[in-house]
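Colleague: Have a look at the structure that comes next, please.
Protein chains: 2
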Amino acid sequence: MARSHSAAEKWSPKRAAPLFAALGDETRLRLVTKLGRAEPMSIAHLTHGTDLTRQAVTKHLRVLEGAGIVKSVKKGRESHFELAPQKIDDAKKWLDVLSAQWDDALERLRDLVER
Amino acid sequence: MARSHSAAEKWSPKRAAPLFAALGDETRLRLVTKLGRAEPMSIAHLTHGTDLTRQAVTKHLRVLEGAGIVKSVKKGRESHFELAPQKIDDAKKWLDVLSAQWDDALERLRDLVER
DNA sequence: CTCATGTGCAACCTCCTGGTTGCATATTAG
DNA sequence: CTAATATGCAACCAGGAGGTTGCACATGAG
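If you want it as structure tokens, here you go:
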């Protein structure tokens, strides 16, 4: 495998933090939820219903794109965005690893007390 | 159930965003990982191995505490922090709902094409 | 062709964040 | 008691985040 990141690095805080940071904004979570409908949408469309400017929404989309949570494709004069569920899975898995670590630790502590 | 939040609100971006925001920092993810060992640790202890000041670490811990990801208990002159795995699960579930929404949408679109 | 629509870019502004330092206070160690 | 340890609190700072406005430019509609 000629991958640029080791398996250990995959769970590094360094790689996971930007992902969570991108999700750590109400507006962006709303955008992501809309894009969860699996229909690529233009910036103008995504701006509708928001009390924000088109440019503000654009900035949020670029942040999501930078984190790999969203992909954009130019379609004529429009930019269509769609969700990249792989990154969502990455975030989920990071939390899974943490939970597993916690559960293991608890169990090990319990064993220690019992014997 | 006399809960203060409706079931729908539980998945609102408004509630989830602060959670992800708290996780969106490398230092905080490192702290959370350390606390995943299920052993309550003092601020001084958590500062060890970091290139940060004790106060910087303290601030991060307060942010995590504010998001409910961590709980603190004063033990003598020390403040001991431990993980609150429930919030981690909340974050994970939010991502699960999003993934499910995406998968459902994809399947529905596929059906639409096939018939 | 002409005009309206959808974006991109850049400058600017305000507020929050992550960090630091300095000092006060509460406990525990000897 | 006295000194060392573990925190808390407040002031201060630089830089980044989230938003806005203004203007240029490309493309689709009539």
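First to last, the sequence lines map onto chains A and B. Position 13 of the first sequence, counting from 1, maps to 13 under the working numbering, and the rest follow consecutively. Here the working numbering = 1-based position in the second sequence + 115. Don't be surprised by glycine CBs; every beta carbon is placed ideally from N, CA and C. Quick caveat, the model's predicted, so the values are computed rather than measured.
Mind reading off the beta-carbon distance from A/His60 to A/Arg28? Whole number of angstroms is fine, and I expect it under 8 angstroms.
Modeller: With a beta-carbon spacing of about 5 angstroms, A/His60 and A/Arg28 fall inside the 8 angstroms limit used to define contacts.
Colleague: Which chain A residues are close to B/Gly183, counting only those with a beta carbon under 9 angstroms from its beta carbon?
Modeller: Scanning chain A for C-beta atoms nearer than 9 angstroms to the C-beta of B/Gly183 yields nothing, as the closest lies near 14 angstroms away.
Colleague: Identify each residue in the stretch 53 to 79 of chain A for which the Cβ-Cβ distance to at least one residue of chain B is less than 7 angstroms, and report them in chain order.
Modeller: none
Colleague: When burial is assigned at 16 or more other CB atoms within 10 Å of the CB, is A/Asp25 buried or exposed?
Modeller: buried
Colleague: Less than 8 angstroms separating the beta-carbons of B/Leu150 and B/Glu197?
Modeller: yes
Colleague: Assess contact between the stretch 64 to 76 of chain A and the stretch 161 to 172 of chain B, defined as three or more Cβ pairs (one per stretch) separated by less than 8 angstroms. Is contact present?
Modeller: no
Colleague: Take A/Ile69 as the anchor and find which of A/Leu23, A/Lys14, A/Ser99 and A/Val57 has the nearest alpha-carbon.
Modeller: A/Leu23
Colleague: Is the distance from the Cβ of A/Trp11 to the Cβ of A/Trp102 below 8 angstroms?
Modeller: no
Colleague: From which residue to which residue does the alpha helix (DSSP H) around B/Ser194 run?
Modeller: Where B/Ser194 is concerned, there is no enclosing alpha helix (DSSP H), although the beta strand (DSSP E) it sits in stretches over Glu193 to Leu198.
Colleague: Of all the options A/Ser99, A/Arg15 and A/Pro40, which has the alpha carbon lying nearest to the alpha carbon of A/Ala84?
Modeller: A/Pro40
Colleague: How many angstroms separate the CA atom of B/Arg152 from the CA atom of B/Ala159?
Modeller: 17 angstroms
Colleague: Going straight from the alpha carbon of A/Leu98 to that of B/Thr148, what length do you get?
Modeller: 7 angstroms
Colleague: Based on DSSP bridge pairs, tell me the residues matched to A/Lys71.
Modeller: Beta-bridge pairing links A/Lys71 to A/Glu82.
Colleague: Compute the distance between the beta-carbons of A/Leu19 and A/Asp89, then report whether it is under 8 angstroms.
Modeller: no
Colleague: Can you name the start and end residues of the alpha helix (DSSP H) that A/Pro13 belongs to?
Modeller: First-last of the alpha helix (DSSP H) with A/Pro13: Pro13 to Leu23.
Colleague: Check whether the Cβ of B/Ile203 lies closer than 8 angstroms to any Cβ atom in chain A.
Modeller: yes
Colleague: Going by DSSP, name the residue or residues bridged to B/Glu157.
Modeller: It should be pointed out that residue 157 of chain B corresponds to Ser in this sequence rather than to Glu. Note: B/Ser157 sits in a beta bridge opposite B/His195.
Colleague: By Cβ distance, which residues of its chain are closer than 6 angstroms to A/Lys87, with the 5 residues on each side in sequence left out?
Modeller: Gly68 and Ile69
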